[in-house]
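Worksheet: one structure, shown below.
Residue numbers (this note's numbering): 80 to 655.
In structure tokens:
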């Protein structure tokens, strides 16, 4: 087979100051193959994937090296060559289809547009036939009704498949997928992945699949390259990376991966990845590595070939010890008390005339974690918002220690509002961008406890320790933090109120596995030290194994299964 994509020693740097964002990047992809590029946020994955399209973000430049796509050199190519390559040779599937599709154009128009732009002079009938064909290829309806819809009339998974259809419409030879399944639930995700895999195999397309979700990569990719702090630290075929990895970072990433059988405990990686201008001399992973020795901090490790396809950059590759998984400690079931902390009784939820929740009953005991799982649109967030007093269009009762709660937060007592705290899914949207982190957290202390000045400052530092954030962050603004750091700020803010119940709405869906594991560890430790109860809303079943005592499975507004972890995972009753 021929290599359709070949990168050799590519360096990309910030124009001012020449600080390297990524360096010495080399890999090849053959036709019909999928290469998974994995690593934490900020490791340079997206920078590398955009370079294949001849694009660098403002203020960055491809400094040296060679990028060959279907025999064409991308580095230093003029605009017209790049445009013709983007026309039919290489295509891109963006991370968030919600913002990538034009909200004002019908689906038909958006797919047609890419065909008309890139294949002018072809009959409209031929184009329309291709539009229908490509929709069928991505397992979407191709009837006129569907073609006339707008993006907001589709679910997240359907939007993502339309974005894939647009990318595949002109039958490219190379496709770059930037985390296209991040926000999707497992059932939708598996459909999208199957679509990408089938299209690459059938049409001999070489794919670069960028992701921080190792579970997805293990299922989809033929080969895997692991990035850390701008360099590829290990690369090999799927089995070499997942079963015989050598680099300590790769191994720790795999340790952080939740497994649905629930045998092993997930472990986060302490510390965080350095920024391009802050990278240490020597091996960038050394400050977080348990096996680091003095040589690791002095010189950058050279590439070592382990086998024909397996390479690693580590000084200690010869004496790397196998990491032994820590068996998971079963969470005890918390026995039902006379008086649950929170009782949801016969709840029917509505949006105007449309009913979205049907006869929902859930009890949460003090100190317990109940996981609420289900795919997108099953009603999980609506139920969470009813509990938080953010959605008041419902019938039935929500009681707190036996007393009925007001439907809206404003109808509740101050103590009830303090005791039930909500952590939102998107840390980007839930934190005030104009307030420094310190004042975001201390606002709660002033509201609920009248705490100000040095007492408040000291308490803010305690809260930052609880969620493993450095004290220096108090003067930072949200835009200076990564997604994982923002989410931990949101958790610290909720904890400032010393709540009895935390409603966590998909709080890890946008996080890397290592950050996700440390957020889960943080919540578990909190439960140990403060006996706070959790309603943990998620679409990640494997994750619930690591944190929950009981699981409620939701489908189309109804709880179809409810019980202890072992009952639900090992002998489920509901077909769904």
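Cβ atoms here follow ideal geometry from the backbone N, Cα and C, with glycine treated the same way. Note that the structure is a prediction, hence the values are computed from the model and not measured.
How far does the beta strand (DSSP E) with residue i in it reach, from first residue to last?
i           : result
residue 427 : 421-430
residue 466 : Unbroken run through residue 466 is the alpha helix (DSSP H), 459-467; no beta strand (DSSP E).
residue 612 : 612-617
residue 555 : Careful: residue 555 lies outside any beta strand (DSSP E) and carries neither H nor E.
According to DSSP, residue i sits in a beta bridge with which residue or residues?
i           : result
residue 629 : 449 and 643
residue 659 : What the structure shows of the chain is the stretch from 80 to 655, and residue 659 is not part of that stretch, so it cannot be assessed.
residue 107 : 85
residue 478 : 422 and 483
residue 437 : DSSP, once it has assigned bridges, lists no residue as partnering residue 437.
residue 655 : Partner(s): none; residue 655 has no beta bridge.
residue 473 : 428
residue 634 : 637
residue 152 : 147
residue 98  : Paired residue(s): none; residue 98 is not in a bridge.
residue 253 : 169 and 285
residue 316 : 302
residue 443 : 421
residue 383 : 391
residue 264 : Answer by DSSP bridge pairing: none, since residue 264 is not bridged.
residue 398 : None, per the DSSP bridge assignment.
residue 595 : According to DSSP, residue 595 bridges with nothing at all.
residue 139 : 93
residue 311 : 306
Could you check the C-alpha separation between residue i and residue j for me, to the nearest Å?
i           : j           : result
residue 147 : residue 173 : 22 Å
residue 252 : residue 460 : 40 Å
residue 441 : residue 644 : 15 Å
residue 473 : residue 580 : 21 Å
residue 377 : residue 371 : 11 Å
residue 651 : residue 615 : 20 Å
residue 356 : residue 121 : 12 Å
residue 575 : residue 585 : 20 Å
residue 206 : residue 136 : 33 Å
residue 564 : residue 507 : 11 Å
residue 150 : residue 543 : 51 Å
residue 279 : residue 309 : 27 Å
residue 134 : residue 346 : 36 Å
residue 455 : residue 248 : 27 Å
residue 175 : residue 239 : 8 Å
residue 267 : residue 509 : 26 Å
residue 179 : residue 528 : 44 Å
residue 100 : residue 195 : 37 Å
residue 568 : residue 467 : 19 Å
residue 260 : residue 606 : 31 Å
residue 384 : residue 323 : 14 Å
residue 369 : residue 348 : 10 Å
residue 573 : residue 633 : 26 Å
residue 469 : residue 583 : 14 Å
residue 664 : residue 344 : Only positions 80 to 655 of the chain appear in the structure, and residue 664 is not among them; the question remains open.
residue 477 : residue 484 : 6 Å
residue 537 : residue 514 : 19 Å
residue 129 : residue 203 : 31 Å
Grab the span of the alpha helix (DSSP H) containing residue i for me, first residue to last.
i           : result
residue 128 : 124-131
residue 121 : Careful: residue 121 lies outside any alpha helix (DSSP H) and carries neither H nor E.
residue 538 : 532-545
residue 516 : 516-528
residue 238 : 235-247
residue 493 : 493-498
residue 43  : Because the chain is modelled from 80 through 655, residue 43 falls outside the range shown and cannot be assessed.
I'd like to know if residue i contacts chain C, where contact means its C-beta is closer than 8 Å to some C-beta of that chain.
i          : result
residue 88 : Reference to chain C is not applicable here, since this structure consists of a single protein chain.
Could you check if residue i belongs to the surroundings of the ligand ZN, using beta carbon to heavy atom distance under 7 Å?
i          : result
residue 93 : Among the components modelled here there is no ligand, and therefore nothing to report on the ligand ZN.
Check your understanding: At what residue ranges does the segment 318-379 contain a whole run of the alpha helix (DSSP H), taking only runs of 4 or more?
Key -> The qualifying runs are 327-334 and 373-377.
Exercise for review: Jot down the residue ranges of each uninterrupted alpha helix (DSSP H) in the segment 561-590, minimum 4 residues, whole runs only, in chain order.
Suggested key: Within the segment 561-590, complete alpha helix (DSSP H) segments of at least 4 residues are found at 562-574, given in chain order.
Point to revise | Contact between the segment 307-322 and the segment 577-596 (3+ Cβ pairs under 8 Å) | key: Short answer: they don't touch.
Exercise for review: Taking 8 Å as the threshold, find out whether the segment 430-442 comes into contact with the segment 598-608 through three or more Cβ pairs.
Suggested key: No: the two stretches stay apart, fewer than three of their Cβ pairs being nearer than 8 Å.
Exercise for review: Count the C-beta pairs between the segment 612-624 and the segment 353-368 that are closer than 8 Å, then say yes if the count reaches three, no if not.
Suggested key: Segments in contact, no.
Check your understanding: Between the segment 382-396 and the segment 551-563, do three or more beta carbon pairs fall short of 8 Å?
Key -> No: fewer than three Cβ pairs fall under 8 Å.
Review point. Which residue spans inside the segment 155-232 form an unbroken beta strand (DSSP E) run of at least 3?
Key: If we require 3 residues or more, the beta strand (DSSP E) runs fully inside the segment 155-232 come out as 169-172.
Check your understanding: Is the segment 92-103 in contact with the segment 289-304, if contact means three or more CB pairs nearer than 8 Å?
Key -> Verdict: no, contact absent.
Practice item. Inspect the CB distances between the segment 325-340 and the segment 419-429 and report whether three or more fall short of 8 Å. Key: Using a C-beta cut-off of 8 Å, the segment 325-340 makes no contact with the segment 419-429, since fewer than three inter-stretch Cβ pairs fall below that distance.
Exercise for review: Mind the definition here: the segment 443-457 touches the segment 500-520 only if three or more C-beta pairs lie below 8 Å; say whether that holds.
Suggested key: No contact exists between the segment 443-457 and the segment 500-520.
Check your understanding: Would you say the segment 186-199 touches the segment 268-276, given that touching needs at least three Cβ pairs under 8 Å?
Key -> The answer is no - the segment 268-276 does not touch the segment 186-199, with fewer than three Cβ pairs under 8 Å.
Check your understanding: Between the segment 447-466 and the segment 626-641, are three or more C-beta pairs nearer than 8 Å?
Key -> The segment 447-466, when compared against the segment 626-641, does touch it at the 8 Å Cβ threshold.
Exercise for review: Report yes or no: do the segment 212-221 and the segment 152-167 share at least 3 C-beta pairs separated by less than 8 Å?
Suggested key: No: the two stretches stay apart, fewer than three of their Cβ pairs being nearer than 8 Å.
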